[in-house]
Amino acid sequence: MSQQEGEESDRKKYEFRKVIEELDDYEGSGTQLVTIYVPEDRRISDVVAHVTQEHSEASNIKSKQTRTNVQDALTSIKDRLRYYDNPPENGMVLFSGAVNSGGGQTDMVTKVLESPPQSVESFRYHCDSAFLTEPLEHMLADKGLYGLIVLDRREANVGWLRGKRVEPVKSASSLVPGKQRKGGQSAQRFARLRLEAIDNFYQEVAEMANDLFVPERHDLQGVLVGGPSPTKDEFLDGDYLHHELQDKVLGKFDVAYTDESGLYDLVDSAEDVLADAEIMEDKELMQDFFKQLHDGNKATYGFEPTRENLIMGSVETLLISEDLRKDAVVYDCPDGTEEYELVDARKNTPTHTCEDGTEAEVQKREDAIEFLMNIADQRGTETKFISTDFEKGDQLYNAFGGIAGLLRYSTGV
Numbered sequence: 297m298s299q300q301e302g303e304e305s306d307r308k309k310y311e312f313r314k315v316i317e318e319l320d321d322y323e324g325s326g327t328q329l330v331t332i333y334v335p336e337d338r339r340i341s342d343v344v345a346h347v348t349q350e351h352s353e354a355s356n357i358k359s360k361q362t363r364t365n366v367q368d369a370l371t372s373i374k375d376r377l378r379y380y381d382n383p384p385e386n387g388m389v390l391f392s393g394a395v396n397s398g399g400g401q402t403d404m405v406t407k408v409l410e411s412p413p414q415s416v417e418s419f420r421y422h423c424d425s426a427f428l429t430e431p432l433e434h435m436l437a438d439k440g441l442y443g444l445i446v447l448d449r450r451e452a453n454v455g456w457l458r459g460k461r462v463e464p465v466k467s468a469s470s471l472v473p474g475k476q477r478k479g480g481q482s483a484q485r486f487a488r489l490r491l492e493a494i495d496n497f498y499q500e501v502a503e504m505a506n507d508l509f510v511p512e513r514h515d516l517q518g519v520l521v522g523g524p525s526p527t528k529d530e531f532l533d534g535d536y537l538h539h540e541l542q543d544k545v546l547g548k549f550d551v552a553y554t555d556e557s558g559l560y561d562l563v564d565s566a567e568d569v570l571a572d573a574e575i576m577e578d579k580e581l582m583q584d585f586f587k588q589l590h591d592g593n594k595a596t597y598g599f600e601p602t603r604e605n606l607i608m609g610s611v612e613t614l615l616i617s618e619d620l621r622k623d624a625v626v627y628d629c630p631d632g633t634e635e636y637e638l639v640d641a642r643k644n645t646p647t648h649t650c651e652d653g654t655e656a657e658v659q660k661r662e663d664a665i666e667f668l669m670n671i672a673d674q675r676g677t678e679t680k681f682i683s684t685d686f687e688k689g690d691q692l693y694n695a696f697g698g699i700a701g702l703l704r705y706s707t708g709v
């Protein structure tokens, strides 16, 4: 995938994610919110016929209000379908219904999401008190699935690396005795009992991993095993894992800890193996940012400094937190200058006092990410969305306002 295609994909995912969050906030009084998933190969005429049938059957709904709202939603969807000869690439999803707007009032909402990130697999009609967004959320989930195992002879932890997110799932503690035998036991008998306990523990760990990973083996891109030597070597050389998982082992890595924190250490130790995984790209960008912030002078952060650097064309890479939900408001001041303010996307536009003390007029308000990306596009700046699912990504959002940039050259801004 080219840089441009990657950026377009990230932007599209962000736009879809915003719409999904908006749809998730809507509620209907009763089962009156309609969702229709349409695959690419479904004929529009068939969808219209289905909607027409549902409209007819809705006349049997006992509640007059619900009946009216459902039929109005279906009519709105039918009107939208008239604009299509065929579904777009990857299909489409239609949402319509009367949503609660407060004070016992409702607003009719109709939205069409075209060409989702993955293909709509099957036609689906859904009517409920909430819109059905779960299949879309699954499409937007981080890609890249790796199984993680860390173990020594005392404990073990098993989990996932999903895209950028480490998920601890299962743990176990062993009954392996220490190397010092108790009085009265022969050295030979004690050694045999100890080896049996080690073997039993390895089998227990393998069973945990098999139960977790085997059902997902077709989506699993690899398995990483960590721990001290010789534990991890004994475990892998003993063929304890299911043979299909054994074939997916990408490597074994020295890890000091085998509790949940060891899973995170394992991902760090396997950096070369995971070089193509999204989490490593995010980590490298943030490491570069913090290095420039502390030791260099080619980093910027915050809305206004980043905007100014973008305008100058000095930003090489624009870093945006995936969790950022802000709007940029542009104000006109009486002296002819513009001033900017970042506000919560769900709050009203605040009044603004210009630097000279006069009151400003609102020129425009738009999504802050779109605002910055439009400037970045004009200046040939690459945009990267950074997950909050690791420490430095979380710091970008919470400590630096979710906006930063790596500079081509120092500007002093």
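Counted the way this note's numbering counts, the sequence shown spans residues 297 to 709. No residue lacks a Cβ here, since even glycine has one placed at the ideal position from N, Cα and C. Source: prediction; values computed, not measured.
- DSSP, reduced to helix, strand and coil, places His434 within a helical segment of the structure shown.
- The continuous stretches of beta strand (DSSP E) do not include Pro601, which lies in the alpha helix (DSSP H) extending over residues 599 to 608.
- In the displayed model, Thr429 falls within coil according to three-state DSSP, outside both helix and strand.
- Comparing C-alpha distances from Gly398 to each of Asp321, Leu441, Ile682, Glu687 shows the shortest one belongs to Asp321.
- Under the three-state reduction of DSSP output, Asn382 falls in the coil class, being neither helix nor strand.
- Shown here for Arg313: same chain residues with a beta carbon closer than 7 Å to its own, the five before and five after excluded, namely Leu436 in chain order.
- In the DSSP assignment, Ala624 forms a beta bridge with Leu638, Glu662.
- For Arg621, the closest of Val315, Glu635, Glu304 by C-alpha to C-alpha distance is Val315.
- Tyr536 sits in coil when the DSSP states are folded into three classes, being neither helix nor strand.
- Counting other Cβ atoms within 10 Å of its Cβ, Asp543 stays below 16 and is therefore classed as exposed.
- When DSSP states are grouped into helix, strand and coil, Gly632 belongs to the coil group.
- Taking the CA atoms as reference points, Val465 sits about 7 Å from Trp456.
- Here the segment 635 to 645 lies against the segment 658 to 671, with 3 or more beta-carbon pairs under 8 Å apart.
- Looking only at Phe509, Ser470, Arg488, Thr602, the smallest Cα-Cα distance to Tyr498 is reached by Ser470.
- Going by DSSP, His351 is part of no beta strand (DSSP E) but of the alpha helix (DSSP H) stretching over 340 to 353.
- Arg449 sits close to Thr527, with the two beta carbons spaced by under 8 Å.
- For the pair of segments examined, the segment 614 to 630 was found to touch the segment 663 to 672: the number of CB pairs separated by less than 8 Å reaches three.
- Closest by C-alpha distance to Pro524, out of Asp561, Met388, Pro383, Lys309, is Asp561.
- Using a Cβ distance threshold of 8 Å, Glu417 and Pro335 count as a contacting pair.
- Of the residues Gln367, Val521, Lys358, Arg339, the one whose Cα lies closest to the Cα of Ser352 is Gln367.
- In terms of Cβ geometry, Val408 and Arg376 form a close pair [threshold 8 Å].
- Check the Cα spacing between Ile607 and each of Thr647, Ala595, Asp591, Thr677: the tightest is with Thr677.
- Of all alpha-carbon atoms in Ile671, Glu634, Asp673, Glu463, the one lying nearest the alpha-carbon of Glu657 is that of Glu634.
- A residue is called buried once 16 or more other Cβ atoms fall within 10 Å of its Cβ, and Gln484, having fewer, is exposed.
- Distance from the CA of Thr647 to the CA of Arg461, rounded to the nearest whole angstrom, comes to 40 Å.
- In this structure, Thr613 places its C-beta atom within 8 Å of the C-beta atom of Lys680.
- DSSP places Asp337 outside both helix and strand once states are collapsed to three, so it counts as coil.
- The alpha carbon of Gly708 has as its nearest neighbour, out of His514, Thr684, Asp631, Asn593, the alpha carbon of Asn593.
- A Cβ-Cβ separation of about 15 Å leaves Leu703 out of contact with Met582 under the 8 Å criterion.
- Secondary structure within the segment 534 to 569: the alpha helix (DSSP H) runs of 4 or more consecutive residues, fully enclosed, are 539 to 542, 556 to 565 (chain order).
- Lys594 carries a coil assignment under DSSP once its states are collapsed to helix, strand and coil.
- Gly522 sits away from Val545, with the two beta carbons spaced by 8 Å or more.
- No Cβ-Cβ contact shorter than 8 Å links Leu537 with Leu444.
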